[in-house]
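Participant: The sequence shown begins at 4 in our numbering and counts up one residue at a time. Yeah, the Cβ is synthetic: ideal placement off N, Cα and C, and Gly gets one too.
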Amino acid sequence: MDKIKSSFDYVWKLLNAAATVRDIAQTTRTYQYAVDTPVTFYGHVEHASLSIARWQKAEIQVQTTLQAGFGWQIATEQDAAGVYLVAKRRAVVGSIGRALFALHVPTDTYLVLKLVHCEVEFQELTQTLHIPPLTIGSSIHWQAE
4 MDKIKSSFDY VWKLLNAAAT VRDIAQTTRT YQYAVDTPVT FYGHVEHASL SIARWQKAEI
64 QVQTTLQAGF GWQIATEQDA AGVYLVAKRR AVVGSIGRAL FALHVPTDTY LVLKLVHCEV
124 EFQELTQTLH IPPLTIGSSI HWQAE
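(1) Based on the DSSP output, what are the partners of E122 in its beta bridges?
(2) Within 10 angstroms of the Cβ of F104, are there 16 or more other Cβ atoms? Answer buried if so, exposed if not.
(3) Grab me the residues of C121's own chain with a C-beta within less than 8 Å of its C-beta, minus the 5 sequence neighbours each way, in chain order.
(4) Considering only the beta carbon of each residue, do G46 and L69 sit closer than 8 Å?
(5) Give me the Cα-Cα distance between T30 and W75, rounded to the nearest whole angstrom.
(6) I'd like to know whether the C-beta atoms of Q59 and Q35 end up nearer to each other than 8 Å.
(7) I'd like the list of long-range same chain contacts for P136, defined as Cβ closer than 8 Å, with 5 residues on each side in sequence excluded.
(8) Check this for me: beta carbons of P41 and T129, under 8 Å apart or not?
(9) With a Cβ-Cβ cutoff of 8 Å, do T33 and Q66 count as a contact?
(10) Using a Cβ-Cβ cut-off of 8 Å (strictly less than) and excluding sequence neighbours within five positions of A61, which residues of its own chain qualify?
(11) Let me check one thing: in DSSP terms, what residues is P109 bridge-paired to?
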């Protein structure tokens, strides 16, 4: 019984220390890609907040703000087809991390987003969005007017 209590106390202390590190360890990084428009942005983001804004520049900019950055796997790439971002939390330590991705894209950018437990915010959006009911395993295809 004492061994179980001791193990529980150790885990509790470890979780408290991890929470303190999470609050302290916040990192910000900006990725910038010069692009020829029109262009496609491919994003695969998990457990994060995503803010999307369009601008007149021929550049895609992704600003990442990570709490507990050690808990994230981030990969970016650019090729002739477009710009790619993959952001996933690591299995165990990632659960204490949070992330905000601020995305700025040219006005004629086609967005392909695979989102897992995310929040999405569109800045300065003047559109009518038609969002169909979601069924498990399906994709949402928005039609803007």
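Facilitator: Looking at the coordinates:
(1) S52
(2) buried
(3) V48, E49, H50, A51, S52 and L53
(4) no
(5) 11 Å
(6) no
(7) none
(8) no
(9) yes
(10) A37, V38, D39, T40 and P109
(11) W58
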